[in-house]
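Worksheet: the structure to be examined is printed underneath.
Numbering (UniProt numbering), first residue to last: 1 to 209.
Below is the structure:
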């Protein structure tokens with residue numbers, strides 16, 4: 001099987017958020033898809049170990065924003081390479097709340113949705129969640145949406161290990177891989193004071209390839 005065939009599939013980049021039991025969290029995904037138009041339903045795929053998924057199980061709702069092509073990488077790092085159990089992802093950044101009290105970032109986004117969960121399907125490591133849209137709004141009509149391809153090509157983005165599209169390709173690379181974000185340092189040695197340039201974790205989070 002040629003795994004590079006999967007790279008030909010087209011994706012966007014999105015942030016999914018929710019609020020439950022006095023906690024709120026969000027994560028970056030590339031799997032937001034419109035399923036039907038009437039009723040308007042969207043699907044997402046989340047890793048079962050994802051903290052945002054755990055909160056969605058409780059709340060039964062989620063917000064989704066479409067990231068703009070000019071979004072700052074700091075926003076993607078904040079939501080894509082940290083765990084909501086450990087950090088308050090919405091602290092100190094501009095954000096709004098939808099009618100179901102879910103937070104959503106308001107900078108670097110071009111559209112938003114609010115959904116109530118109507119069904120889910122277990123697909124192994126991930127759950128596919130279908131939500132019926134109760135709100136939809138264009139926030140920036142001038143800036144195009146960020147594609148997953150441009151996330152890699154223009155922003156030098158990496159894919160977190162818990163993402164549905166993550167593929168470990170270590171056949172031709174020697175070095176050290178960050179166990180949090182997947183960044184690879186191509187080097188025979190790992191400096192003890194090395195800090196991951198993507199997620200900011202120290203050398204103790206790296207494993208030898």
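Just so you know, even glycine gets a beta-carbon here, dropped at the ideal spot from N, CA and C.
Residue of 118, 33, 209, 127 minimising C-alpha distance to residue 65: Nearest Cα to residue 65 within the set 118, 33, 209, 127: 33.
Bounding residues of the alpha helix (DSSP H) (the contiguous stretch that carries residue 52): Element bounds for residue 52: 51-59.
Residue 47 - partner residues in DSSP beta bridges: Its beta-bridge partners are 126.
Exposure of residue 70, with buried meaning 16 or more beta-carbon neighbours within 10 Å: Counting Cβ neighbours within 10 Å, residue 70 comes out exposed, since fewer than 16 surround it.
Proximity to residue 132 [Cα-Cα], best of 9, 16, 62: The residue with the shortest Cα to Cα distance from residue 132 is 62.
Cβ shell of residue 120 (< 6 Å), same chain only, five flanking positions each side left out: These residues qualify, in order along the chain: 127, 129.
For residue 93, the nearest candidate out of 21, 189, 106, 52 (CA to CA): Taking the Cα of residue 93 as reference, the smallest distance to any Cα among 21, 189, 106, 52 is reached at 106.
Beta bridge counterpart(s) of residue 42 as assigned by DSSP: Beta-bridge pairing links residue 42 to 34, 131.
Simplified DSSP state of residue 15, which is helix, strand or coil: Strand.
DSSP-derived helix/strand/coil call for residue 93: Correct three-state label for residue 93: coil.
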